[in-house]
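Numbering (my numbering), first residue to last: 180 to 627. Note that the Cβ used here is the ideal one computed from N, Cα and C, for glycine as well. The structure displayed is predicted, hence computed values, not measured ones. Working notes for the structure below.
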């Protein structure tokens, strides 16, 4: 498998000097995404730039993940053309999906239709997007993989109605292959889309976690943002674990009688709500598999290829043709949901300490930590009261007190020591120099 070289990969350059970066079209917690073109052939593409210095992962795992991405071939999974290294950055050259994320595209179309005073329901388009996403998930799951970060921002649209899952493999780099002395990192992601079993880490999790995330994504596409997205990450985790699964009614409970400018005001059918409920079963064993959802009464009409193409053409006409390509619009047209507090990344650790109860440590974007005991039977009010006290002691939900500054200074000193000692550079250099030989064609070539 490591010796396979796809012909397509040989057509794409493996040097940063061979690309023109046109504009930034995405920014995540761990990487940036650029619209680009090759200088020689003027082929458009997208380039994802990941700084390896900020990725807590085994370099061997990164190599295997790149192999998985390169060898993946499915019309609903984003294709990775090639990958190479530039200094300490990993560059992934992938397909350019010109309409961007599914949420961005739907929100853009809704805005234009409101300006025209036209009312067009997006439910049928959302069902088509979910159907195509499930085709990609079935492929991923059938190959023994878990995506781990399904959300509307990772489901991309092209101008011809193609729907592709992005970041397959990328989330896997954030999983530590080994174990640390006090804890073993098992997942990094955004809490709004996390399944309860991923948060708790009591019995582990499998591909059914992707089904939960798909249910949250369905709500996100229907309402404009994920459930609990307006809450701080810590509260999202508590609500997901201790409350009933979110539903369409959750949005009404969050906003009450106040009108919410961010929430999409569209009539959603009971059938759509039932599909969401099917995905958002707290017990993973009760959630359907991808193939079962595809064969369900909600989506099985698209097994007919003519009907499927009809739905795709309608998506192009009523959505894709209305919005500009990525890199053309200004920031004012971007969805505001990405800036909501619940969209901040959280690391999940399973506790290995013998002197404290089994449970999970949640590590937030700024480095603050909270231990959630697996044996804790407290009510939601009890937990939230404890968290309120914790917030008072640490300076609030964002934990921006002096302790954080001291930790950053210590980290800088450690990085300087490593830089002077050269150990970190030696490890990366060994990885880069051996990568081409060990993979037989991953096109990993360190450049300066």
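- Item | Reduced DSSP secondary structure (H/G/I, E/B, other) of residue 214 | Position 35 of the chain shown holds residue 214. In the three-state reduction of the DSSP assignment, residue 214 falls in the strand class.
- Taking the alpha-carbon positions, what's the residue 429 to residue 406 distance? Counted from its first residue, the chain shown places residue 429 at position 250. Counted from its first residue, the chain shown places residue 406 at position 227. The straight-line gap from Cα to Cα measures roughly 7 angstroms.
- Under the three-state DSSP convention, the category residue 205 falls into: In the chain shown, the residue the question calls residue 205 occupies position 26. Strand.
- Assign residue 264 to buried or exposed, taking buried as 16 or more other Cβ atoms, counted over all protein chains shown, within 10 Å of its Cβ. If you number the chain shown from 1, residue 264 lands on position 85. The residue in question, residue 264, is buried, as its Cβ has 16 or more Cβ neighbours within 10 Å.
- Task: State the beta-bridge partners of residue 286 as determined by DSSP.
- Result: Here the question's residue 286 lines up with position 107 in the chain shown. Partner(s): none; residue 286 has no beta bridge.
- Query: DSSP on residue 271, reduced to helix/strand/coil?
  - Reply: For the purposes of this step, residue 271 is identified with residue 92 of the chain shown, where counting begins at 1. Assignment of residue 271 by DSSP, reduced to helix, strand and coil, places it in the strand class.
- Three-state secondary structure assigned by DSSP to residue 396: As a working note, residue 396 is residue 217 in the chain shown. Reduced to three states, the DSSP call for residue 396 is helix.
- Query: Measuring CB to CB, does residue 501 end up less than 8 angstroms from residue 307?
  - Reply: Locating residue 501 in the chain shown gives position 322, counting from the first residue. Locating residue 307 in the chain shown gives position 128, counting from the first residue. Cβ atoms of residue 501 and residue 307: not closer than 8 angstroms.
- Continuous beta strand (DSSP E) stretch holding residue 260: start and end: Taking the first residue of the chain shown as position 1, residue 260 is located at position 81. That run of the beta strand (DSSP E) goes 259–265.
- Item | Assigned secondary structure, residue 499 (DSSP; H/G/I helix, E/B strand, else coil) | The residue you call residue 499 lines up with position 320 of the chain shown. Of the three classes helix, strand and coil, the one that applies to residue 499 here is helix, per DSSP.
- Quick one: is residue 446 buried, meaning 16 or more other Cβ sit within 10 Å of its Cβ, or exposed? By one-based count along the chain shown, residue 446 stands at place 267. Per the 10 Å Cβ criterion, exposed.
- Task: Compute the beta-carbon to beta-carbon distance between residue 343 and residue 473, rounded to the nearest angstrom, for a pair I have assumed lies under 8 angstroms.
- Result: In the chain shown, the residue the question calls residue 343 occupies position 164. In the chain shown, the residue the question calls residue 473 occupies position 294. No, residue 343 and residue 473 are not in contact; Cβ-Cβ is about 17 angstroms, not under 8 angstroms.
- Item | Contact set for residue 476: own chain, Cβ-Cβ below 6 angstroms, skip 5 residues either direction | Stepping through the chain shown from its first residue, residue 476 is reached at position 297. Once the five neighbours on either side are set aside, residue 476 has no close Cβ partner at all.
- Taking three-plus beta-carbon pairs below 8 angstroms as touching, is the region 290–310 in contact with the region 368–384? With the cut-off at 8 angstroms, the region 290–310 and the region 368–384 do not touch.
- Separation of residue 200 from residue 394, as counted between CA atoms: In the chain shown, counting from the first residue as 1, residue 394 sits at position 215. In the chain shown, counting from the first residue as 1, residue 200 sits at position 21. Going by the C-alpha atoms only, they are around 35 angstroms apart.
- Message: Using the three-state DSSP reduction, which class does residue 227 fall into: helix, strand or coil?
- Response: Here residue 227 is taken as the residue at index 48 of the chain shown, counted from 1. Assignment of residue 227 by DSSP, reduced to helix, strand and coil, places it in the strand class.
- Spell out the partners DSSP gives residue 336 in its beta bridges. Position 157 of the chain shown holds residue 336. 279, 342, per the DSSP bridge assignment.
- Item | Contact check, residue 218 vs residue 194, beta carbons under 8 angstroms | What you label residue 218 is simply residue 39 of the chain shown in a count that begins at 1. What you label residue 194 is simply residue 15 of the chain shown in a count that begins at 1. In terms of Cβ geometry, residue 218 and residue 194 do not form a close pair [threshold 8 angstroms].
- Task: Use the C-beta contact count for residue 298: other C-beta atoms within 10 angstroms, 16 or more gives buried, fewer gives exposed.
- Result: Against the chain shown, residue 298 aligns to sequence position 119. In summary, residue 298 is exposed, with fewer than 16 beta-carbon neighbours lying within 10 Å of its beta-carbon over all protein chains present.
- Query: What are the start and end residues of each continuous alpha helix (DSSP H) run of 4 or more residues lying completely inside the region 285–335, in chain order?
  - Reply: DSSP runs (the alpha helix (DSSP H)) wholly in the region 285–335: 302–321.
- Message: From the DSSP secondary-structure annotation, give me the bridge partner or partners of residue 198.
- Response: Taking the first residue of the chain shown as 1, we reach residue 198 at position 19. Per DSSP, the beta bridge partners of residue 198 are 217.
- Message: Tell me which residues share the same chain as residue 206 and place their Cβ nearer than 8 angstroms to its Cβ, disregarding the 5 neighbours each side in the sequence.
- Response: For the purposes of this step, residue 206 is taken as residue 27 along the chain shown, with counting starting at 1. These residues qualify, in order along the chain: 212.
- Message: By the three-class DSSP mapping on this structure, what secondary structure does residue 415 have?
- Response: In the chain shown, residue 415 corresponds to position 236, counting from 1. Looking at residue 415 - three-state DSSP - the assignment turns out to be helix.
- Going by C-alpha distance, which of 464, 499, 319, 331 is nearest residue 383? Taking the first residue of the chain shown as position 1, residue 383 is located at position 204. Measuring from the Cα of residue 383, the nearest candidate turns out to be 464.
- Query: Do you know offhand how far residue 397's Cα is from residue 220's?
  - Reply: Numbered from its first residue, the chain shown carries residue 397 at position 218. Numbered from its first residue, the chain shown carries residue 220 at position 41. Residue 397 and residue 220: Cα-Cα distance of roughly 39 angstroms.
- In whole angstroms, what separates the C-alpha of residue 345 from that of residue 260? Here residue 345 refers to the residue found at position 166 when the chain shown is read from its first residue. Here residue 260 refers to the residue found at position 81 when the chain shown is read from its first residue. Each residue's alpha carbon lies about 13 angstroms from the other.
- Spatial neighbours of residue 478 in its chain, beta-carbon cut-off 6 angstroms, leaving aside the 5 residues before and after: Numbered from 1 along the chain shown, position 299 holds the residue referred to as residue 478. Cβ neighbours of residue 478 within its own chain (closer than 6 angstroms, five residues either side excluded): 310.
- Excluding the 5 residues preceding and the 5 following residue 277 in the sequence, name in chain order all residues of the same chain whose CB lies nearer than 7 angstroms to its CB. Within the chain shown, residue 277 is the residue found at index 98, counting from 1. Excluding five sequence positions before and after residue 277, the CB atoms of its chain that fall closer than 7 angstroms to its own CB belong to 337, 338, 504, 505, given in chain order.
- Taking the alpha-carbon positions, what's the residue 386 to residue 295 distance? Locating residue 386 in the chain shown gives position 207, where the first residue counts as 1. Locating residue 295 in the chain shown gives position 116, where the first residue counts as 1. Distance between the alpha carbons of residue 386 and residue 295: 42 angstroms.
- Within the chosen definition, does the region 273–292 reach the region 457–471 through at least 3 CB pairs nearer than 8 angstroms? Flag = no, the region 273–292 and the region 457–471 do not touch.
- Query: Can the beta-carbon of residue 334 be found less than 8 angstroms from the beta-carbon of residue 326?
  - Reply: In the chain shown, counting from the first residue as 1, residue 334 sits at position 155. In the chain shown, counting from the first residue as 1, residue 326 sits at position 147. For residue 334 and residue 326, no; Cβs fall outside 8 angstroms.
- Item | Opening and closing residue of the alpha helix (DSSP H) in which residue 458 lies | The residue given as residue 458 occupies position 279 in the chain shown. 449–458 is the extent of the alpha helix (DSSP H) around residue 458.
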